[in-house]
Amino acid sequence: MVLTIVYDNYAHNPELKTAWGFACLVEGLEKTILFDTGGDGPTLLSNMAKLKIDPKSIDIVVLSHSHYDHTGGLAAFLKENSAVKLFMPASFPRRIKSRAREAGAEVVEVNDFCQIIEGAYSTGQMGRLIKEQGLIIESAKGAVVITGCAHPGIVKMIETAKEKTGRDIHLVMGGFHLLKLRRDKLQGVIQQFRSLGVEKVAPTHCSGDLTREVFAENYGDNFILAGVGTRIEIR
């Protein structure tokens, strides 16, 4: 399995554009999944082209939540490939659902934990004010949890992934939404990660610079400094 960040506000590959948002490609399962679409179509499609990713090779799109920095590239993507199955929280605005259907996508509205394909699951929509789903991928090394912004709480999303799959957590990556936490509070979050057995971490997007620094200090070689263009292989 290969995970490639195709849209992010943190840089990794200097040939790619950075912008506020997140999108990650998952390859190596029975179908190829794009998780989130970033904040705008031109940046998403430009980065995909430079990474030699054909939009038509993607079978499934999973949207974490309805904020623009995760859905902004959807319309442009669907112009390139509308023959996708699109998983979004049932609470999404009606206009996003209707436009996606008008473009030709098959829209699946997610409420609860569900299987997307063999080896890939949605946490189900979580949270109260901002409904969000995370993507869980099974691997030989354990479960991989990918989050867009983790508005419902990154620890709660990990707990849900572990409870629903019964798997150890190999990697948590994406937006952790910990921008405003002080160092002492971040240490508390890391203790919770440790108690949940999270082996590796790759915080990016809305995680925050201090968050990345503190996780790096605590996780050492199991911390992945991620940004747009980061490619993670899990065998």
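Start counting the sequence shown at 4; every next residue gets the next number (the numbering used here).
For every residue, glycine included, the Cβ atom is placed at its ideal position computed from N, Cα and C.
The structure presented is a predicted model; accordingly, all values stated were derived computationally and were not measured.
- Here Thr-7 carries a strand assignment [DSSP, helix/strand/coil].
- Runs of the alpha helix (DSSP H) lying entirely within the segment 64–92, each at least 4 residues long, are 71–74 and 77–83 in chain order.
- Around Asn-16, the same chain offers Val-231 and Gly-232 as residues with beta carbons nearer than 7 angstroms, after the five sequence neighbours per side are excluded.
- Excluding sequence positions up to five before and after His-154, its CB lies within less than 7 angstroms of the CB of His-68, Gly-130, Ile-133, Glu-135 and His-180, all in the same chain and listed in chain order.
- Around the Cβ of Arg-238, a 10 Å sphere holds fewer than 16 other Cβ atoms; the residue is exposed.
- Leaving aside the five residues that flank Tyr-222 on each side, the residues in its chain whose CB is nearer than 6 angstroms to its CB run, in chain order, Val-204.
- Ile-99 sits in a helix when the DSSP states are folded into three classes.
- Taking C-beta atoms as the reference points, Val-65 and Glu-30 fail to come closer than 7 angstroms.
- Nearest Cα to Lys-53 within the set Gly-75, Asp-224, Thr-74 and Glu-18: Glu-18.
- Excluding its 5 nearest sequence neighbours in each direction, Ala-106 has C-beta neighbours in its own chain below 8 angstroms: Ala-78, Leu-81, Lys-82 and Ser-85, listed in chain order.
- The continuous beta strand (DSSP E) containing Tyr-124 extends over residues 123–125.
- Here the segment 95–109 does not lie against the segment 183–201, with fewer than 3 beta-carbon pairs under 8 angstroms apart.
- Judged by beta-carbon spacing, Lys-88 lies within the 7 angstroms limit of Ile-63, meaning their Cβ atoms are closer than that value.
- For Gly-177 against Ile-140, the beta-carbon gap comes to about 12 angstroms, at or over 8 angstroms, which does not count as contact.
- By the C-beta density criterion, Ala-143 is exposed, having fewer than 16 other C-beta atoms within 10 angstroms.
- Assignment of His-154 by DSSP, reduced to helix, strand and coil, places it in the coil class.
- Taking the Cβ atoms as the reference, Leu-138 lies roughly 5 angstroms from Phe-38, within the contact range of under 8 angstroms.
- When secondary structure is reduced to three states using DSSP, Val-201 falls in the coil class, being assigned neither helix nor strand.
- Contact between Gly-145 and His-173 is confirmed by a C-beta separation of about 3 angstroms, below the 8 angstroms threshold.
- If the five residues before and after Glu-162 are omitted, its C-beta is found closer than 7 angstroms to the C-beta atoms of Leu-199, all from its own chain and listed in chain order.
- Cα atoms of Ala-229 and Arg-97: separation of roughly 33 angstroms, rounded to the nearest angstrom.
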